[in-house]
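Data block below; observations after.
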Amino acid sequence: MQRIGVFVCHCGTNIAATVDVKKVVELVRFEPGVVFADDYMYMCSEAGQEKIVAAIKEHDLTGLVICSCSPRMHEKTFRSCAEKAGLNPYMVEVANIREQCSWIHKDREEATEKAVILARAAIAKVNLNTPLQEGESPVTKRALIIGGGIAGIQTALDIADAGYEVDIVEREPSIGGRMSQFDKTFPTLDCASCILTPKMVEVNQHPNITLYTYSEVEGVSGYVGNFDVKIRKKARSVDMAACTGCGECQAKCPLGKMGKIPSEFDRGLRGRSAIYMPFAQAVPAVPVIDRENCTYFKTGKCGVCAKICPSKAIDYEQKDEIVTVKYGAIVVATGFDIINLDKYGEYAYNESPDVITSIELERLMNASGPTGGHLERMSDHKQPKDIVFIQCVGSRCDDEKGKPYCSKVCCMYTAKHAMLIKDHWPDTNITVFYIDVRTPGKNFDEFYRRAVEQYHVNYVKGQVGKVIPQPDGSLLVQGVDLLDNKQIMKKTDMVVLAAAVEPNKGVRKIATMLTASIDNNDFLTEAHAKLRPVESPTAGIFLSGMAQGPKDIPETVSQAGAAAVKVVGLLAKDKLKTNPCTAKCDPMFCNGCSTCANVCPYGAITYEDQQVRGPGVNETRRVAVVNNALCQGCGACTSACPSGAMDLQGFSNRQITTEVDSICR
Ligand SMILES: Cc1cc2nc3c(=O)[nH]c(=O)nc-3n(C[C@H](O)[C@H](O)[C@H](O)COP(=O)(O)OP(=O)(O)OC[C@H]3O[C@@H](n4cnc5c(N)ncnc54)[C@H](O)[C@@H]3O)c2cc1C
């Protein structure tokens, strides 16, 4: 039997307002093994921890139960505190009487009863705890960034500048992400490519950075400090070392002149050739052949690009290549896209070429865009005299069509668009239909007010019900003005939809490979929303940029720097402590059925022939063996094992059932 000390925290009034802390102390005193029980205002404070250390020494405690907040918050604190007093840290259990009790109950009596039950379960468990020893594993001093937008670029540069090697895997032919599609950026209205291109070039030239563009992550195994990542380098059909980026191949590709292949970069507003660089400042400045559309790949005829390439860089025989690289840390920076507007038939997006999205407008206003920066309607190439912007298309929705969250950047980029248009074409009438204008951020509200006060943009609080294309080529916008309480029927030349942002396609696959969690909207989840905002709950996986939630460029860059610091902090260590709560196989009961290995997400279980001796048994048998360095203690094998041979140290079947029994007694 252990000598257990129970410490009940008030957490100010967080716990004490709902739970009768003194009563909990009095009731748990009589539980088996408990030799000491006390309460304190803040157990995690220095004074609280000193109390624990003193009690361990004075009462010769061999086990602790701390009744406080979630173990995610302070388990580490209390384990270190126990260690200071010479107690094995794994002899500490935390009973969560805050998040799982005081915060969710109102009735004081019921909450107190539940707190006692939770404490009792933890006491029952600690009675069965055994000291566990942490192991050590080496750290591979190289980081992987998935996604080469501004988030990935900044994270990579910060890590590389700190002296560590970094690889960026970007699935498109060039890095740059969304920002490379923009003309000017709020809140300063500086030219997007003037600030992004130097960073892209720096990435390409940095001695510590390796770029894998037109590449994707195919598989991830391993664990923090030691990830093995399979990267598929898709065949570009162009020899990167030989290509000089002269552009001859694109200019001469017969399909380019036809303009039938929609340019993804220009959101389909113009065509591109089958061999192409997405944009002029692409990094690397090497084209790819789009094999699905290329005549040579479809029919075996053509071959113009190979014939005219002065450096003989075209390689039709090139194959996808798989490389496996080891990393100590991985950063997910896969960014976002805007939602598909098929469900929003009321705005006539699929009916009229003059109803466009905000990203399409960015391309139309960009000097290197499809119209050379001249704003024109796609239907008749005339300059629009009247433009309507519709905010919150698919954002802040309570129906199933859209997203419940605010996309955060639309109010600001719409003010930006309105001012840029007015700067170039001051006579344009601009109306913005909005639900609320949300402009928190340094100089953001001033920016929006400039659009209203200096540029006389007409902001109408109200929603648009329908956009109806008219026979004369104009668009009829039906909406409401909520402040004047009147219906609006407005003829306009162009409608711009501020469509909701959402995580980039494929993020689920990435999250599954990394065992990183995502929320209901597929944004990656942080380990702690306030205290660990750039770490995922999975050790060694970090988050950067829009993949974690809607944010603008200044916020993205700050988060990228924060993620980089976390990565550098990890890579700076030579060794990491490993979790001793790993699975263990009892060969007596194992029949080598492979069920455990099949469910193990970390590839930690192998099989070997072992001499098994026990009551009535003495034979050589194929049994499961756990690699402690790989095992992350998820417990999947223990619940899957049909013969009960697998158990988790620190969370054994006996410990769990004893906890449950004590709750039910
Ligand atoms: C219309 C519009 C205008 C905007 N204007 C401004 C502005 O003026 N100022 C401002 O501050 N903010 C603006 N923003 C917000 C800005 O776009 C974002 O803050 C920024 O782009 C986020 O960068 P990111 O790197 O996280 O994501 P992204 O720019 O989306 O980059 C993500 C990258 O990851 C790659 N990727 C995705 N999945 C994978 C995968 N599975 N494997 C490998 N690579 C992958 C993508 O190809 C992409 O290159 C605007 C947004 C919109 C929609």
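Just add 111 to the spot in the sequence shown (first one is 1) and you have the working numbering.
A virtual CB, placed ideally from N, CA and C, is assigned to each residue, including glycine.
Taking 7 Å as the cut-off, does the CB of Phe558 come closer than this to any heavy atom belonging to ligand 1?
no
For Glu637 and Leu682, what's the separation of their Cα atoms in angstroms?
20 Å
Indicate the three-state DSSP secondary structure (helix, strand or coil) for Cys420 in the structure shown.
coil
Between Ile177 and Glu186, what straight-line distance do the alpha-carbon atoms span, to the nearest angstrom?
9 Å
Can you have a look at Asn554 and say buried or exposed, based on whether 16 or more other CB atoms are within 10 angstroms of its CB?
exposed
Run through DSSP, which three-state label would Gln722 get?
strand
Cβ of Met184 within 7 Å of any heavy atom in ligand 1?
no
Using 8 Å for Cβ pairs, my map puts Asp444 next to Ile286. What's the rounded Cβ distance?
Note that residue 444 is Ala in the sequence shown here, rather than Asp. Wrong, their Cβ atoms sit about 11 Å apart, outside the cutoff.
Going by Cα to Cα distance, which pick from Val145, Leu229, Thr124, Val136 is closest to Ser773?
Leu229
Quick check: Tyr153 and Cys180, are their CB atoms within less than 8 Å of each other?
no
Tell me whether Val520 counts as near ligand 1, meaning its Cβ is closer than 7 Å to at least one heavy atom of that ligand.
yes
Helix, strand or coil for Gly379, going by three-state DSSP, please let me know.
coil
Contact between the stretch 267–285 and the stretch 452–470: three or more CB pairs below 8 Å?
no
Hey, is Val612 close to ligand 1, as in C-beta under 7 Å from one of its heavy atoms?
yes
Which parts of the stretch 549–587 are runs of the alpha helix (DSSP H), unbroken and 4 residues or longer, counting only runs that do not cross its ends?
555–564
Could you check where the beta strand (DSSP E) with Tyr334 kicks off and where it finishes?
326–334
Output the boundary residues of the alpha helix (DSSP H) element that contains Phe634.
No alpha helix (DSSP H) holds Phe634; DSSP gives it neither H nor E.
What is the residue span of the alpha helix (DSSP H) that Gly133 lies within?
The residue asked about is misnamed: residue 133 is Lys in this sequence, not Gly. Note, Lys133: alpha helix (DSSP H), 132–139.
By DSSP, does His777 sit in helix, in strand, or in coil?
Since the displayed the chain opens at 112 and closes at 776, residue 777 lies outside it and no answer follows.
Taking 7 Å as the cut-off, does the CB of Phe118 come closer than this to any heavy atom belonging to ligand 1?
no
Report the rounded CA-to-CA distance for Ala346 versus Gly367, giving the unit in angstroms.
21 Å
Mapping DSSP to helix, strand and coil, what is Ile167?
helix
What separation, rounded to the nearest whole angstrom, lies between the Cα atoms of Leu452 and Thr241?
57 Å
Answer yes or no: the CB of Glu283 versus the heavy atoms of ligand 1, is any distance below 7 Å?
yes
Where Cys56 falls, given that 16 or more other Cβ within 10 Å makes a residue buried:
Residue 56 is absent from the structure shown; the chain starts at 112 and stops at 776.
Quick one, are the C-beta atoms of Ile498 and Ala610 less than 8 Å apart?
no
Identify the continuous alpha helix (DSSP H) that holds Ser179 and give its terminal residues.
Ser179 -> not in any alpha helix (DSSP H); beta strand (DSSP E) instead, spanning 174–179.
With burial defined as no fewer than 16 other Cβ atoms inside 10 Å of the residue's Cβ, what is the status of Gln722: buried or exposed?
exposed
Could you tell me the alpha carbon to alpha carbon distance between Val364 and Lys430, rounded to whole angstroms?
The question names Val, but residue 364 is Cys in the sequence shown. Rounded to whole angstroms, Cys364 to Lys430 spans 22 Å at the Cα level.
Anyone know if the C-beta pair for Thr649 and Thr626 falls short of 8 Å?
yes
Name the one or two DSSP bridge partners that Ile320 has.
Val277
As an exercise, report each continuous alpha helix (DSSP H) stretch of at least 4 residues that is fully enclosed by the stretch 353–399, in chain order.
359–363, 365–369
By a C-beta neighbour count over all protein chains shown, 10 Å radius and 16 as the cutoff for buried, is Asp269 buried or exposed?
buried
Check for me: the alpha helix (DSSP H) holding Asn764 runs from which residue to which?
764–775
Cβ pair Leu608, Glu247 closer than 8 Å:
no
Start and end residues, beta strand (DSSP E) containing Ser248:
246–249
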